[in-house]
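Heads up: the sequence shown begins at -12 in my numbering, then just goes up one per residue. What follows is a single structure, written as structure tokens, with notes after it.
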Amino acid sequence: MADDALPETAGATLQATEEHAGESDWHFSLAGVQLKFSARREGRGLTIPVSGTGGDWIVKLPDPRFPGVPENEQATMRWAKASGTDIPEIRLIPVAENSGLPSEASIFGGQTALAVRRFDRPAPGKRVHIEDFAQILGLYPEQKYASYNYETLANLVSKLAGESELDEFIRRLVFVIASGNGDAHLKNWSLIYPDGENARLAPAYDLVSTIQYKADDQLALNLARSKRWQDATRESFLRLARKIGDDETLMASRIEHAGEAIMTAWHSSRGDFGYTAQALDRISSHLARVPLFSAGT
-12 MADDALPETA GATLQATEEH AGESDWHFSL AGVQLKFSAR REGRGLTIPV SGTGGDWIVK
48 LPDPRFPGVP ENEQATMRWA KASGTDIPEI RLIPVAENSG LPSEASIFGG QTALAVRRFD
108 RPAPGKRVHI EDFAQILGLY PEQKYASYNY ETLANLVSKL AGESELDEFI RRLVFVIASG
168 NGDAHLKNWS LIYPDGENAR LAPAYDLVST IQYKADDQLA LNLARSKRWQ DATRESFLRL
228 ARKIGDDETL MASRIEHAGE AIMTAWHSSR GDFGYTAQAL DRISSHLARV PLFSAGT
């Protein structure tokens, strides 16, 4: 990504939403652990360029610590798409069909990788600027869980990208809660500038149901001063609206519509997303414990 200057309004949007928690909790995170490579599509498979750059796909290899992460991510992304969220093109591909991988990747023989089409490379030779929220806030990657909360992100989206993108942010945050995704940290939300000037939320990416690997996992950032799934309620979002100066009635409508779309997709199509039977059971149990969804499970 180009190292462009931040929008002038970025520094003015933090207001009272800054939160220095000083926490050192263990977090589920694939960043720096899961191997990712830039790749080009060639025939049925993908090729990793010798330079390691210039590809229009990202290949995400399996992780021996977290079995089935590529399949989990694909299933969660499919659920998000069925719920109305914009996602990039994705597909599972046998690791062996990716040429140019380092020899160490042979340990994944017989397993599948997840290939994700890069939304910042819409055409050969064309690049679209994106920046994640850690970059916007001037933080180092290792600070992706620290200092700020979901109110901060909502405020930034509202100020930098507008009301329609705030609608989309709330829809995704409700989905993060529904899917038990404890890895929706600052680097897993981005703004994209399709015309080079006007921001919008980038397509959703790195959506994983982390409760499959850590049963007591929790939100990556605070929502209404809590990371506990059970504390994510309608009032949590109304508090968010008050914090950022948004209309509470409109916020209530957003979360209602998002919840309905998510649960409708879950009930009608969950068997088609690609989750294992065990993963489906865990998500069902999770939904039954979260006040936002427990009435609809």
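Think of the CB as a built atom: it goes at the ideal place given N, C-alpha and C, for glycine as much as any other residue.
Residue i and residue j closer than 8 Å at C-beta
{"i": "Ile80", "j": "Gly32", "result": "yes"}
{"i": "Gly169", "j": "Ala207", "result": "yes"}
{"i": "Ile270", "j": "Ser166", "result": "yes"}
{"i": "Thr72", "j": "Arg187", "result": "no"}
{"i": "Ile35", "j": "Asn85", "result": "yes"}
{"i": "Ser256", "j": "Phe162", "result": "no"}
{"i": "Val115", "j": "Ile77", "result": "no"}
{"i": "Ala252", "j": "Trp44", "result": "no"}
{"i": "Asp234", "j": "Ser145", "result": "no"}
{"i": "Met238", "j": "Ala228", "result": "yes"}
{"i": "Ile179", "j": "Phe106", "result": "yes"}
Exposure of residue i, with buried meaning 16 or more beta-carbon neighbours within 10 Å
{"i": "Asp154", "result": "buried"}
{"i": "Ala110", "result": "exposed"}
{"i": "Pro49", "result": "buried"}
{"i": "Glu58", "result": "buried"}
{"i": "Gly258", "result": "exposed"}
{"i": "Arg212", "result": "exposed"}
{"i": "Gly149", "result": "exposed"}
{"i": "Thr236", "result": "exposed"}
{"i": "Tyr127", "result": "exposed"}
{"i": "His254", "result": "exposed"}
{"i": "Val266", "result": "Before going further, note that residue 266 is Ala rather than Val in the sequence given. By the 10 Å Cβ count, Ala266 comes out buried."}
{"i": "Arg241", "result": "buried"}
{"i": "Glu60", "result": "buried"}
{"i": "Ile94", "result": "exposed"}
{"i": "Gly42", "result": "buried"}
{"i": "Ala100", "result": "buried"}
{"i": "Ala299", "result": "Nothing can be reported for residue 299: it is not among the residues displayed for the chain, which extend from -12 to 284."}
Simplified DSSP state of residue i, which is helix, strand or coil
{"i": "Gly19", "result": "Any reading at Gly19 needs caution, since the residue's pLDDT is 46, under 50, leaving its predicted position unreliable; the model's value is listed next. Coil."}
{"i": "Asn76", "result": "In the sequence as presented, Asn is not what sits at residue 76; that position holds Glu. Here Glu76 sits in coil by DSSP."}
{"i": "His116", "result": "strand"}
{"i": "Trp66", "result": "helix"}
{"i": "Ile123", "result": "helix"}
{"i": "Trp216", "result": "helix"}
{"i": "Ile35", "result": "coil"}
{"i": "Ala224", "result": "According to the sequence provided, residue 224 is Phe. The question's Ala does not apply to it. Helix, per DSSP."}
{"i": "Pro57", "result": "helix"}
{"i": "Asn142", "result": "helix"}
{"i": "Phe106", "result": "coil"}
{"i": "Ala211", "result": "coil"}
{"i": "Leu194", "result": "coil"}
{"i": "Tyr180", "result": "strand"}
{"i": "Asn175", "result": "helix"}
{"i": "Asp154", "result": "helix"}
{"i": "Thr263", "result": "coil"}
{"i": "Leu206", "result": "coil"}
{"i": "Leu48", "result": "coil"}
{"i": "Pro128", "result": "helix"}
{"i": "Leu101", "result": "strand"}
Close beta carbons around residue i, own chain, < 8 Å, minus the five adjacent residues each side
{"i": "Gly96", "result": "Val82 and Ala83"}
{"i": "Glu222", "result": "Ala211"}
Other residues of its chain near residue i: CB distance less than 7 Å, five sequence neighbours each side excluded
{"i": "Phe15", "result": "Here the model assigns Phe15 a pLDDT of 47, short of 50, so the residue's position is not dependable, and the following value carries that caveat. The answer, listed in chain order, is Gly169, Asp170, Thr197, Tyr200, Lys201 and Asp204."}
{"i": "Trp176", "result": "Asp119, Phe120 and Leu140"}
{"i": "Phe318", "result": "The structure shown does not extend to residue 318, since the chain is modelled only from -12 through 284, so no value can be given for it."}
{"i": "Ala248", "result": "Ser70 and Gly71"}
Integer Cβ distance of residue i from residue j, believed to fall under 8 Å
{"i": "Leu143", "j": "Ile117", "result": "Contact flag wrong, Cβ pair sits at about 14 Å."}
{"i": "Val46", "j": "Ala26", "result": "5 Å"}
{"i": "Pro190", "j": "Pro75", "result": "5 Å"}
{"i": "Glu152", "j": "Lys230", "result": "In fact, because the Cβ distance is near 18 Å, the residues do not count as touching under 8 Å."}
{"i": "Lys214", "j": "Leu173", "result": "Actually they do not touch by this definition, with Cβ atoms about 14 Å apart."}
Contacting residues, own chain, Cβ-Cβ under 6 Å from residue i (five flanking each side not counted)
{"i": "Asp193", "result": "Asn175"}
{"i": "Arg226", "result": "Ala211"}
{"i": "Ala62", "result": "Phe260, Gly261 and Tyr262"}
{"i": "Gly87", "result": "Thr34 and Ile35"}
{"i": "Trp216", "result": "Val277"}
{"i": "Glu243", "result": "none"}
The ligand SAH heavy atom lying under 7 Å from the CB of residue i
{"i": "Phe24", "result": "As far as ligands go, the structure on display features none, and thus does not contain the ligand SAH."}
Proximity test, Cβ basis, 8 Å: residue i and chain C
{"i": "Ala228", "result": "Protein chain content of the structure displayed is limited to a single chain, and chain C is not contained in it."}
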